[in-house]
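In terms of the numbering used here, the sequence shown opens at residue 1409 and continues consecutively.
Here's the structure, in structure tokens; my notes come after.
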Amino acid sequence: MDLGIKNKTALITGGSRGLGLASAISLAKEGVNLVICARSKEDLLNAEKTLQQYGVNVTSLVQELSDEKSVTEFYNKVKSNDSQIDILVNNVGGSLGTSSLVKSKLKDFQKVMDINTWVAISLSKIFVEDMISNGWGRIINIASIYGREHGGSAPYMAAKAALIAATKHTAIDLAKTGVTANCIAPGSIKHEKGSWEKFVDNNTEEVVEKFIDQNLPMGKFGYPEAVGDTVAFLASKNSEMILGTCLNVDGGQSNSLF
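Written out as structure tokens, the structure reads:
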């Protein structure tokens, strides 16, 4: 299937590993040029080598995204490279070790909201203007199944729920512009340096097997490539009629009906 996005340019935050790198690889296979960012220069260089094997242009930028100032800095870096962004994948996120409302400090609650919701909204607002002018664009936000049902920490759950809601509203606002906005809600995806790899490494085999048996219908953790391929489809010309949706990529893990 021709996804019709060859020679488009995608910006992927947190693109050096995990779901971000998997998304970049899936897009690169479709001939999409890439701008990726991450905090680690070493991880970025490794990702760049991997992605260049697909014959696309790859720009990697060291940038931590956590607040309005960092978003502005990043935008200026992207623009200085003369990159026209057609596809925006907001992948940066995390729970930052928070837990319940009672146990989490308010400043940590705010940090989780900032990195998971505010950064994605800020980048979308900045880059969507050019997409509208061009009459085409794709915004893809990486949410979580815990943005739709109970799970994870209170700040993380609230942040991902807010991201899903903002994406829905944005999609309707943009419906006549040629720009789409959608979410992907991954379940427990295991990848190098990820939280579920740490869970496996830090627990006994019995604990891990019990978790899988009780929570993962497929009998195994998810894998990043499944998320990456979903990103590529939502970025494609074939996804034009998909607006404001949130697609679970969770192997049946989620209990939510909607």
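Don't be surprised by glycine CBs; every beta carbon is placed ideally from N, CA and C.
Predicted, not measured: the structure shown is a model, and the values here were computed from it.
The C-alpha of VAL1510 is placed about 43 Å away from the C-alpha of SER1644. For SER1468, the enclosing beta strand (DSSP E) covers residues 1466-1470. Here GLU1605 has LYS1598 and HIS1599 as same chain residues with Cβ atoms under 8 Å from its own Cβ, once five neighbours each way along the sequence are excluded. CA-to-CA, the gap between VAL1635 and ALA1562 works out to about 24 Å. Residue nearest to GLN1471 within the set VAL1657, LEU1642 and THR1480 is THR1480 (criterion: CA-CA distance). Under the Cβ criterion (8 Å, minimum of three pairs), the region 1435-1445 does not count as touching the region 1509-1529. In the DSSP assignment, VAL1520 falls within the alpha helix (DSSP H) that extends over 1514-1521. Between ALA1574 and THR1612, the gap from beta carbon to beta carbon reaches 9 Å or more.
Approximately 5 Å separates the beta-carbon atoms of VAL1657 and THR1638; this is inside 8 Å, confirming the contact.
In this structure, the straight-line span from the alpha carbon of ILE1547 to that of SER1434 is close to 16 Å. In the DSSP assignment, LEU1452 falls within the alpha helix (DSSP H) that extends over 1449-1460. A direct Cα-Cα distance of roughly 37 Å separates GLY1560 from LYS1414.
With contacts defined by Cβ atoms closer than 9 Å, LEU1459 and ALA1430 do not form a contacting pair. Taking C-beta separations shorter than 7 Å and ignoring five residues to either side along the sequence, the partners of GLN1492 in its chain run THR1417 and ASP1538, following chain order. Within the region 1477-1545, the complete alpha helix (DSSP H) segments at least 4 residues long are 1514-1521 and 1527-1542, listed from N- to C-terminus.
With a minimum length of 4 residues, the unbroken runs of alpha helix (DSSP H) contained wholly in the region 1585-1623 fall at 1603-1609 and 1613-1623.
Under the DSSP assignment, ILE1580 falls in the alpha helix (DSSP H) whose first and last residues are 1562-1581. Scanning its chain for C-beta atoms nearer than 7 Å, with the 5 sequence neighbours on each side dropped, one finds around GLY1602 the residues GLY1426, in chain order.
Residue burial annotation: LEU1642 is buried, with at least 16 other C-beta atoms found within 10 angstroms of its C-beta. In this structure, the alpha-carbon of ASN1489 lies about 16 Å from that of VAL1464. Look at VAL1639 here: in three-state DSSP terms it is helix. Distance between GLN1661 and HIS1558, taken at the CA atoms: about 12 Å. For the options ALA1432, SER1474 and ASP1410, the alpha carbon positioned closest to that of PRO1632 is the one of ALA1432. For ILE1433, the uninterrupted alpha helix (DSSP H) run begins and ends at 1426-1436, by DSSP. Under a 10 Å Cβ-count criterion, PRO1625 is classified as exposed, with fewer than 16 other Cβ atoms of the shown protein chains found around its own Cβ.
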